[in-house]
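Notes follow the structure.
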Ligand code: MN
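Numbering (our numbering), first residue to last: 1466 to 2189.
In structure tokens form, the structure reads like this:
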């Protein structure tokens, strides 16, 4: 355990200007506030914030961070208030403690494991001051080191999983590998002790088999470098059990196949020496060309720099060598914290502000650089989203600018339809209130409430808008049907007939209307021509009085379908026929499921827009479940020109390696498909996920292409896309 004077001395050793008094006051305040609270281990609780402050001092952080480390649990776990902290320790410390307290309140529930990425984004969003995150990471690291003291297994597991899914990746993103490695390994120890045990045993066996071979190899490397004229220090480090495990799982490799269990590090004094050292090693040992990476000329987004090279080293062993300068080495170990320590040694040019913090904030605020910085995170999403909670702690992700009504609809359509009020963080707010990150939102409902057209002006989510519109539409249906009734009455009178609902009941089937009201509403909305209704009701009258345009005898309607996105359109064939449509209705093919000939299809009537054709298994159809009156039973007409081509959409996951795209397009081309459009929706180091639009003859043709692609090794999964 670190003592008060040790903590102060440690801080003063790297920051002579540190506010000693402030640290001492925080020490005493925290000790008093935690009083005789104890931890699960039985230790005094106060030891925990003290250890956290000590760890922050290891990273050579500023006084504000150290003080925050000491105070970080006082608001959450003792009677202390933010106001009091602000009074005693100033605004900056109060804000930092508030930030850490908010992060502490977040909990990843088991059923939300798939939301890990959202949680990471949330944590980042809430850590606008990166020191909040640094304190939280040290807090978590100390909790993980003492996790064994917690007796309840489910609680240990939850904390370990949260560490693995949220905090270790965050440590990696800001480049603090030492924290990342230890967090991962401690989590691994609790989540999968057997797997870890077996890897540790294999490592020990490897060590005893090879004797001191790692030691020998580093001595040999050192000797080669000295002979070549480069002063270097050669270190070696065994990969952590968790990294080995992950590699074995991800790459599906056996322990023996891993060549980089021990990484050798060549530390030199400057950048030029890095390349000279590389030259010497490549001269003396055979290099493995596909294992070479120059992160010095192109650093990783988190600032990491090194040259990586695989060589057949001393004793003919395949090894990985990482060449870097002392400074680069510090950045690799301590990430952003190293920049701070590094700057510390230089005269401050811009007052007490910390340059590296500002740089990092700049990165977080600049969406484009941030995207690189966060590697796999789509930063635009992160900046466009807010993350809020239900009173029970469920995480609801909404677009930026979302209101309480959007939140209500996101929980459940019924809650949205009947919401009357909202409380955000305990305060009553109007329904139009715009939500912020971390807000806890409590919605109150009333069975007599209905959606208001007003809401449409401020909601931003599609779901809320669709529900509100739907409600308005039902209300409009009544209005439209009144208009339709007047139109029909007028037409009947004009033709010398008495208007009667009975007459219309006879033709409901022809127009696929469930009721006279619906039929009249369609007429009123202009979806069905009043003349068509009339002539269907009185076919003889129509034939005798005015020549009608010809309808195909079997009821199929030939509708012009503009295939503007299809490049090699066949001249003279601009139409696709579909059976079961209502005459004169406009037809669209749904963009979500891309129906193609041979698919089982269904039509959805959309007010003012006609009919949209979906595949029967399209996910979009779920939102029409409650309005069966809009469903039309349709099918492909067999009189279609067999040469008509359709555009189908597939979603595929491809290995991210040279030539995989080429293979993909070759296979499609060989099977007479034509790639129409291609969109990468997600990419990672190993794989990318894409949507591909392929022009084909029919569903059989597309299935053949999918089968051919499945047989291709670079393609991991491929399927029809039915939504999105
Ligand atoms: Mn804590």
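All C-beta atoms in this analysis are idealised placements derived from N, C-alpha and C, irrespective of residue type, glycine included.
Residue 1664 and residue 1709 closer than 7 Å at C-beta: Yes, Cβ-Cβ distance for residue 1664 and residue 1709 is below 7 Å.
Residue nearest to residue 1786 in terms of C-alpha spacing, selected from 1793, 1756 and 1780: Checked all of 1793, 1756 and 1780; the closest Cα to residue 1786 is 1756.
Beta-carbon contacts of residue 1644 that lie in its chain and below 7 Å, excluding the five residues immediately before and after: Sequence-distant Cβ neighbours of residue 1644 in its own chain, meaning closer than 7 Å and more than five residues away, are 1602, 1606 and 1636.
Rounded distance between the beta-carbons of residue 1900 and residue 1867, thought under 8 Å: Contact between residue 1867 and residue 1900 holds, with the beta-carbon distance rounding to 5 Å and staying under 8 Å.
Start-to-end residues for the beta strand (DSSP E) that takes in residue 2086: Residue 2086 -> no beta strand (DSSP E), and no H or E assigned at all.
Distance CB(residue 2112)-CB(residue 2166) smaller than 7 Å: No, they are not a contact pair.
Bridge-paired residues (DSSP) for residue 1864: In the DSSP output, where bridge partners are listed per residue, residue 1864 has 1850.
Which of helix, strand or coil DSSP assigns to residue 1669: Residue 1669 falls in the helix class under three-state DSSP.
Around ligand 1, Cβ to any heavy atom closer than 6 Å, ordered along the chain: In chain order, the residues that have a beta carbon nearer than 6 Å to some heavy atom of ligand 1 are 1513, 1537, 1538 and 1604.
Any 3 or more C-beta pairs closer than 8 Å across the segment 1609-1618 and the segment 1517-1527: Not touching, per the Cβ criterion.
Neighbourhood of residue 1415 by C-beta, 7 Å cutoff - its chain only, sequence neighbours within 5 removed: Any property of residue 1415 remains undetermined from this structure, which presents the chain solely from 1466 to 2189.
Coil, strand or helix - residue 1719 by DSSP: DSSP, reduced to helix, strand and coil, places residue 1719 outside both helices and strands of the structure shown, so it counts as coil.
Pairwise C-alpha distance: residue 1910 and residue 2069: The alpha-carbon atoms of residue 2069 and residue 1910 are separated by roughly 31 Å.
C-beta atoms of residue 1777 and residue 1799 nearer than 7 Å: Their beta carbons are not under 7 Å apart, which means residue 1777 does not touch residue 1799 by this criterion.
In chain order, each alpha helix (DSSP H) run of at least 4 residues that lies wholly inside the segment 1616-1640: Listed in chain order, the complete alpha helix (DSSP H) runs (minimum 4 residues) inside the segment 1616-1640 are 1618-1627 and 1633-1638.
8 Å contact criterion, which residue 2055 and residue 2077 should meet: CB distance rounded: Between residue 2077 and residue 2055 the Cβ distance is about 5 Å, and since that is below 8 Å, they are a contact.
Buried or exposed by the 16-neighbour rule on C-beta atoms within 10 Å, applied to residue 1955: By the 16-neighbour rule on beta-carbons within 10 angstroms, residue 1955 is exposed.
Cβ pair count under 8 Å reaching 3, the segment 2132-2152 against the segment 2084-2097: Contact between the segment 2132-2152 and the segment 2084-2097 is absent, because fewer than three Cβ pairs lie under 8 Å.
Complete runs of the beta strand (DSSP E) confined to the segment 1936-1961 [at least 3 residues]: Runs of beta strand (DSSP E) with 3 or more residues, each lying fully within the segment 1936-1961, are absent.
Alpha-carbon to alpha-carbon, residue 1559 and residue 1530: Near 11 Å, if we compare the C-alpha coordinates of residue 1559 and residue 1530.
Local conformation of residue 1603 per DSSP, three classes: DSSP, read as helix, strand or coil, puts residue 1603 in helix.
Backbone CA spacing between residue 1752 and residue 1758 [nearest angstrom]: Going by the C-alpha atoms only, they are around 12 Å apart.
Alpha-carbon to alpha-carbon, residue 1621 and residue 1505: Answer to the nearest angstrom: the Cα atoms are 12 Å apart.
Residue 1762 versus 1775, 1739 and 1748, residue with shortest Cα-Cα distance: Taking only the C-alpha atoms, the option nearest residue 1762 is 1739.
Boundaries (first-last residue) of the beta strand (DSSP E) holding residue 2185: Counting along the chain, the beta strand (DSSP E) containing residue 2185 begins and ends at 2180-2185.
Contact between the segment 1694-1701 and the segment 1730-1739 (3+ Cβ pairs under 8 Å): By the C-beta criterion, the segment 1694-1701 is judged to be in contact with the segment 1730-1739, since at least 3 inter-stretch pairs fall below 8 Å.
Sequence-distant residues of the same chain with beta carbon closer than 8 Å to residue 2183, five excluded per side: 2115, 2116, 2117, 2118, 2171, 2174 and 2175, listed in sequence order.
N- and C-terminal bounds of the alpha helix (DSSP H) containing residue 1741: Residue 1741 -> alpha helix (DSSP H) spans 1736-1749.
Short Cβ contact (7 Å threshold) for residue 1870 with residue 1902: Not closer than 7 Å, so no.
Beta-carbon contacts of residue 1958 that lie in its chain and below 8 Å, excluding the five residues immediately before and after: Counting only Cβ-Cβ distances below 8 Å, and skipping sequence neighbours, we find 1964.
CB contact flag (residue 2160, residue 2110, <7 Å): Yes, Cβ-Cβ distance for residue 2160 and residue 2110 is below 7 Å.
Option in 2067, 1667, 2075 and 2057 with minimal Cα separation from residue 2051: The residue among 2067, 1667, 2075 and 2057 with its C-alpha nearest the C-alpha of residue 2051 is 2075.
Beta-bridge partners of residue 2155, as assigned by DSSP: Answer by DSSP bridge pairing, in chain order: 2117 and 2145.
Exposure label - residue 1609; buried when at least 16 CB within 10 Å: Flag for residue 1609 reads buried.
Nonlocal neighbours in the same chain, by C-beta distance under 7 Å from residue 1509, ignoring five residues either side: Closer than 7 Å at the Cβ level, and outside the excluded window around residue 1509, lie 1503.
Separation of residue 1742 from residue 1691, as counted between CA atoms: One C-alpha to the other measures close to 9 Å.
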